[in-house]
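Inspection log for the structure reproduced underneath, given as structure tokens.
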Amino acid sequence: MVTNRKPGAAQEEKGELILEHAKFREWALVLFTEAAVGNAGKAILGRLPLGVAGIVGVGAVVKGGKEVVGAAIGVYALGVVTSVYLSLSG
Numbered sequence: 006m007v008t009n010r011k012p013g014a015a016q017e018e019k020g021e022l023i024l025e026h027a028k029f030r031e032w033a034l035v036l037f038t039e040a041a042v043g044n045a046g047k048a049i050l051g052r053l054p055l056g057v058a059g060i061v062g063v064g065a066v067v068k069g070g071k072e073v074v075g076a077a078i079g080v081y082a083l084g085v086v087t088s089v090y091l092s093l094s095g
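For reference, each letter of the sequence shown is one residue, going 6 to 95 in this note's numbering.
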């Protein structure tokens, strides 16, 4: 991929696509956005099931009601999502 700051449309040269600066920025934004979202999804799916299983296990041992266990899972899931979001933003 080669960028070209000269005005004009994208063109083919020697099998390489030459993009003007604005098109390259648009392409890079889409590429890195998809990568960040994909990695965030993997992080959430990696952390969430283990924590939920732990909450359900503790709820079964202490014989907590379904409402309490469900609320605890919701709070935990919100915490995981917030943690992943904050790790991506800073």
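From the three backbone atoms N, C-alpha and C, an ideal C-beta is built for every residue, glycine too.
Quantities reported herein were computed from a predicted structural model and do not represent experimental measurements.
Distance between residue j and residue i (C-alpha atoms, nearest Å)
| i | j | result |
| --- | --- | --- |
| Y90 | G51 | 14 Å |
| R30 | I49 | 28 Å |
| W32 | S92 | 24 Å |
| S88 | L53 | 12 Å |
| L34 | K28 | 10 Å |
Cβ-Cβ distance between residue i and residue j below 7 Å
| i | j | result |
| --- | --- | --- |
| V74 | G84 | no |
Extent of the continuous alpha helix (DSSP H) to which residue i belongs
| i | result |
| --- | --- |
| G69 | No alpha helix (DSSP H) holds G69; DSSP gives it neither H nor E. |
Same chain only: Cβ atoms within 6 Å of residue i, ignoring 5 sequence neighbours per side
| i | result |
| --- | --- |
| G56 | Y81 |
Other residues of its chain near residue i: CB distance less than 7 Å, five sequence neighbours each side excluded
| i | result |
| --- | --- |
| A41 | L93 |
ask   = Touch check for the region 65 to 80 and the region 20 to 27: three-plus C-beta pairs under 8 Å?
value = no
request  = Take every Cβ of the region 75 to 83, pair it with every Cβ of the region 53 to 65, and state whether three or more of those distances are shorter than 8 Å.
outcome  = yes
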